[in-house]
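**Student:** I have a structure I would like to understand better, so I am pasting it below and will then ask my questions one at a time.
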Amino acid sequence: MRKVKYIIASILSSLQSVTMKNISLSLNVLYRSTVFMLIAIGFALIYNSISPKGIKLITPYRQVVVGDNIYKIPIFQPRKLMQKSFIETKVHAPDEIDLKSAYRHYTEGITLFIDTRTHEKYRLGHIPRAISIPMETFDYAAPILTNTPKDQKIITYCDGEVCSQSIDMAVYLDELGFSDVYFFVGGWLQWQENGFPLTEGDRP
Numbered sequence: 001m002r003k004v005k006y007i008i009a010s011i012l013s014s015l016q017s018v019t020m021k022n023i024s025l026s027l028n029v030l031y032r033s034t035v036f037m038l039i040a041i042g043f044a045l046i047y048n049s050i051s052p053k054g055i056k057l058i059t060p061y062r063q064v065v066v067g068d069n070i071y072k073i074p075i076f077q078p079r080k081l082m083q084k085s086f087i088e089t090k091v092h093a094p095d096e097i098d099l100k101s102a103y104r105h106y107t108e109g110i111t112l113f114i115d116t117r118t119h120e121k122y123r124l125g126h127i128p129r130a131i132s133i134p135m136e137t138f139d140y141a142a143p144i145l146t147n148t149p150k151d152q153k154i155i156t157y158c159d160g161e162v163c164s165q166s167i168d169m170a171v172y173l174d175e176l177g178f179s180d181v182y183f184f185v186g187g188w189l190q191w192q193e194n195g196f197p198l199t200e201g202d203r204p
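Per the numbering used here, residue 1 is the first one in the sequence shown, and the count goes up by one each step.
Dropping the structure here:
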């Protein structure tokens, strides 16, 4: 009986020893792999920072104050500029436009106004000649702009200072390559309150 117990104890001791060795070996492999991975990441970051084809890891932003809110607008760059290791002065972002400027562009008749509110709100009233592209349906409505020249002056608007869809739309359009984009902060509310032209229905 003692012999059996001794054999069992020996087997358990051997198994425990093997298990501890396996755990130790696994931890050692994991440690080495982690070290190698961190070294590789470090070299990659260094190469990216000194390479003329390196890509910016942090997107530059421009802050815009609308009412009581502060929005960060990404500043997009052409691919060639993104490959530089510094930010060029040519970098641009959608600009804010006030009521007076928006109305002046409207009277000139060559600016494309985009209403980013819902179709229902657009139907009840909108700036004449403005097309309806609700922000939430932008991915589906974007083809509407397929034949629009990239240098076309565009002004986006929504309800007013209480919304940010016009800013979001302007950023998206800028990312798509449109170079002359503005967002009208006062929006439909300010336009209407000042008695400027308006129209109703589904058509611009």
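Just so you know, even glycine gets a beta-carbon here, dropped at the ideal spot from N, CA and C.
When DSSP labels each residue in this structure, what does Asp-95 get in the three-state scheme?
**Tutor:** Walking along the sequence shown from the start, residue 95 turns up at place 95. Correct three-state label for Asp-95: strand.
**Student:** Taking DSSP's pairing of strands, which residues face Val-181 in a bridge?
**Tutor:** Sequence index remark: in the sequence shown, residue 181 carries index 181 (1-based). For Val-181, which the question treats as bridged, DSSP gives the partners Ile-154.
**Student:** Would you call the segment 95-105 and the segment 189-196 touching, i.e. three or more CB-CB distances under 8 Å?
**Tutor:** Touching, yes, given that three or more Cβ pairs across the two stretches are closer than 8 Å.
**Student:** Tell me whether Ser-132 sits in a helix, a strand or coil according to DSSP, three-state version.
**Tutor:** Here residue 132 is taken as the residue at index 132 of the sequence shown, counted from 1. DSSP places Ser-132 in strand when its eight states are reduced to three.
**Student:** Just the C-alpha distance for Ile-133 and Ala-40, rounded to the nearest angstrom, thanks.
**Tutor:** By 1-based counting over the sequence shown, the position of residue 133 is 133. By 1-based counting over the sequence shown, the position of residue 40 is 40. Using only the alpha carbons, I get a separation of about 46 Å.
**Student:** Compute the Euclidean distance between the alpha carbons of His-126 and Glu-200, then round it to the nearest angstrom.
**Tutor:** The residue you call residue 126 lines up with position 126 of the sequence shown. The residue you call residue 200 lines up with position 200 of the sequence shown. If you take the alpha carbons of His-126 and Glu-200, they lie about 6 Å apart.
**Student:** Label Arg-117 either buried or exposed according to how many other C-beta atoms from any shown protein chain fall within 10 Å of its C-beta, with 16 as the threshold for buried.
**Tutor:** The residue labelled residue 117 in the question sits at position 117 within the sequence shown. Classification for Arg-117: buried.
**Student:** Tell me the rounded alpha-carbon separation between Gln-83 and Asp-180.
**Tutor:** Mapped onto the sequence shown, residue 83 falls at position 83. Mapped onto the sequence shown, residue 180 falls at position 180. Bear in mind that the predicted position of Gln-83 carries a pLDDT of just 41, short of 50, making it too unreliable to give a figure here.
**Student:** By the DSSP assignment, the beta strand (DSSP E) with Ile-110 in it spans what residues?
**Tutor:** Stepping through the sequence shown from its first residue, residue 110 is reached at position 110. Run containing Ile-110: none; DSSP gives neither H nor E here.
**Student:** Tell me whether the beta-carbon of Phe-178 lies closer than 8 Å to the beta-carbon of Ser-166.
**Tutor:** Looking up residue 178 in the sequence shown gives position 178. Looking up residue 166 in the sequence shown gives position 166. In this structure, Ser-166 does not lie closer than 8 Å to Phe-178 by Cβ.
**Student:** Judging by CA-CA distance, which residue of Ile-114, Glu-108, Asp-159 is the nearest neighbour of Leu-145?
**Tutor:** Residue numbering aside, residue 145 sits at position 145 when the sequence shown is read from its first letter. For the residues Ile-114, Glu-108, Asp-159, the minimum Cα distance to Leu-145 belongs to Ile-114.
**Student:** Using only CA atoms, which one of Val-185, Asp-168, Gly-186 lies nearest to Asp-139?
**Tutor:** Start at 1 with the first residue of the sequence shown, and residue 139 comes out as number 139. Residue Asp-168 is the option with its Cα nearest to Asp-139.
**Student:** At what residues does the alpha helix (DSSP H) containing Val-171 begin and finish?
**Tutor:** In the sequence shown, residue 171 corresponds to position 171, counting from 1. Its alpha helix (DSSP H) spans residues 165-175.
**Student:** Quick check on Ile-154: buried or exposed, where buried means 16 or more other Cβ atoms within 10 Å of its Cβ?
**Tutor:** If you number the sequence shown from 1, residue 154 lands on position 154. So Ile-154 counts as buried.
**Student:** From Arg-104, Ser-164, Arg-123, pick the residue whose C-alpha is nearest to that of Glu-136; which is it?
**Tutor:** Mapped onto the sequence shown, residue 136 falls at position 136. If we check each option's Cα against that of Glu-136, Ser-164 comes out closest.
**Student:** Would you kindly report the start and end of the unbroken alpha helix (DSSP H) that includes Glu-120?
**Tutor:** In the sequence shown, the residue the question calls residue 120 occupies position 120. Its alpha helix (DSSP H) spans residues 119-124.
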